[in-house]
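In the numbering used here, the protein residues as written are 32 to 356.
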Amino acid sequence: MRKIGLLAFMVMLILFSSCKHRGKEFARRTYFIMGTVVNIDVPSERVAVADTVIEVFRLVDSLMSPLRPNSDISRINSHNGEWVVVSPLTVKCLRYALKIGSMSDGAFDITAGTLVHLWHFDTEKGWVEPPSEVIDSAKKFVDYKKIEISGYSVRIGRGQRIDLGGIAKGFAVDLAVDKLKKLGIRDGLVDAGGDMYALGEGPSGRWRIGIRDPFHTDGIMGLLLLSDKAVCTSGNYERFIEINGVRYSHIFDPRTGWPVRGVVSVTVIGPNTVMSDGLATAVFVMGPDKGMALIDSLDEFEAMMVTENDTLYSSGFRDFMSETR
Ligand code: ADP
Ligand code: MG
């Protein structure tokens with residue numbers, strides 16, 4: 032029995048509608064880009080800026096999509112072992128990826144792209160389970176320390192493949208928020224399929240963000256109140272392949288070469304979206320002990336982890352949770 036699942040629900044639910052409170056009225060524009068639904072909420076009278084802001088997602092997609100043969104990432108991969116000149120934005124995103132790689136002791140590793148590719152998670156083809164000997168031999172190509180950056184040139188090791196799927200959306204959200212600020216917007220929300228930034232305030236004070244219950248996807252397991260904060264979720268229930276009743280997520284453990292098991296979702300709150308996105312993926316791989324210890328060692332980040340039988344919180348996560356729903 033083989034089932035391929037792509038549940039197109041949003042991880043986070045923004046508890047928001049175009050309503051008037053204390054004089055603030057917001058409007059939402061929705062787009063489909065980078066393989067996900069992007070919602071941009073801005074004050075109603077400025078709704079037209081959303082069409083300008085979404086351009087940054089198009090730019091990031093054109094530079095970093097593995098589906099586009101001329102993207103920087105595809106060119107780096109097809110010229111593995113050689114220097115490739117890329118955009119300054121790609122270099123910036125790669126540097127974040129390397130930073131999260133070393134913070135997580137290699138749990139976050141964009142050269143896991145080799146593994147992602149074996150299962151076809153980076154293509155629009157049907158996802159597959161590769162034979163275990165193929166996984167074993169691919170695993171030896173996974174090592175982010177072999178990535179070299181010099182100016183705007185990048186070289187990965189021969190046989191390696193990189194994939195920025197773990198942070199590209201967060202990176203784009205931050206660029207979009209910068210753009211909003213440049214356009215004079217002080218309150219807004221940019222949500223790329225559950226990786227989002229809450230700028231300023233919403234219709235009635237801090238933005239109210241529901242955390243979707245991963246076991247009951249039409250319910251929420253808590254409500255976050257956020258202002259000038261990012262919140263990102265990595266889960267095993269949106270993109271996965273199920274084989275003989277076993278669910279394999281699209282997040283890989285670079286040490287084993289196999290998809291991570293046991294963790295259901297990780298939600299990270301932080302000062303920017305790119306780091307929160309990357310850390311959510313990293314903590315998902317690191318698991319409850321090491322993952323939550325990493326978050327507790329970082330002043331500016333908080334996390335919640337749902338495993339198959341438990342929910343864990345970092346020391347300050349619940350400070351962002353509302354008492355009432
Ligand atoms: P989502 O894309 O659903 O928001 P994540 O942010 O957790 O989820 O990113 C998952 C993506 O990260 C995978 O689809 C893959 O492209 C990439 N990836 C998988 N495993 C790793 C890993 N160990 N380190 C870095 N990136 C990874
Ligand atoms: Mg991520």
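For each residue, glycine too, the CB sits at the ideal point set by N, CA and C.
Here the region 329-337 makes no contact with the region 137-155; the two share fewer than three CB pairs at distances below 8 Å. At a threshold of 7 Å, Ala311 counts as near the ligand ADP, since its beta carbon sits closer than that to one of the ligand's heavy atoms.
Excluding sequence positions up to five before and after Gly266, its CB lies within less than 7 Å of the CB of Val42, Pro245, Val295, Ser296, all in the same chain and listed in chain order. Taking a 10 Å sphere around the C-beta of Thr121, we find 16 or more other C-beta atoms and assign the residue as buried.
In this structure, His148 has its CB at a distance of at least 7 Å from all heavy atoms of the ligand ADP.
The beta carbon of Gly322 is closer than 6 Å to those of Val314 in its chain, skipping five residues each way along the sequence. Rounded to the nearest whole angstrom, the C-alpha separation of Val316 and Glu339 is 15 Å. In this structure, the alpha-carbon of Ile242 lies about 20 Å from that of Asp327.
Under DSSP, no beta-bridge partner is assigned to Trp150. Contact between Phe139 and Gly197 holds: their C-beta atoms lie close to 6 Å from each other, under 8 Å. In the three-state reduction of the DSSP assignment, Ser346 falls in the coil class, being assigned neither a helical nor a strand state.
DSSP places Thr83 in the helix class (H, G or I) of the three-state scheme. Proximity of the region 185-197 to the region 211-223 falls short of the contact definition, fewer than three beta-carbon pairs being nearer than 8 Å.
Per DSSP, reduced to three states, the secondary structure at Thr145 is helical. Across the structure, Glu113 and Gly224 are spaced so that their CA atoms are roughly 34 Å apart.
The three-state secondary structure of Asp308, taken from DSSP, is helix.
Excluding five sequence positions before and after Gly188, the CB atoms of its chain that fall closer than 8 Å to its own CB belong to Asn111, Gly112, Thr142, Phe172, Asp174, Lys177, Ile178, given in chain order. Distances from the alpha-carbon of Ser163 to those of Gly253, Gly250, Trp289 put Trp289 closest. Between Ile131 and Leu325, the gap from beta carbon to beta carbon reaches 8 Å or more. The beta-bridge partner set that DSSP reports for Tyr62 consists of Val69.
Assignment of beta-bridge partners to Leu329 by DSSP yields no partner.
Remark: C-beta atoms of Asp103 and Ser118 approach each other more closely than 8 Å. DSSP links Ala223 through a beta bridge to Val69, Asp226. Relative to the ligand ADP, Phe152 has its C-beta within less than 7 Å of a heavy atom.
Set against 7 Å, the gap from the CB of Val316 to the closest heavy atom of the ligand ADP is smaller. Proximity of the beta carbon of Ser265 to the ligand ADP is indicated: a heavy atom of the ligand is located closer than 7 Å. Distances taken from the Cβ of Gly197 to the heavy atoms of the ligand MG include one shorter than 7 Å. Of the other Cβ atoms in all chains shown, fewer than 16 fall within 10 Å of the Cβ of Tyr183; this residue is therefore exposed. Thr83 places its beta carbon less than 8 Å from that of Lys210.
At a cut-off of 7 Å, the beta-carbon of Ile71 does not count as near the ligand ADP: no heavy atom of the ligand is closer than that. Distance from the C-beta of Lys177 to the nearest heavy atom of the ligand ADP is not below 7 Å. Looking at the DSSP output, Thr248 shares a beta bridge with no other residue. In summary, Ser307 is buried, with 16 or more beta-carbon neighbours lying within 10 Å of its beta-carbon over all protein chains present. Of the candidates Lys170, Ala229, Arg292, Lys170 places its Cα closest to the Cα of Arg286.
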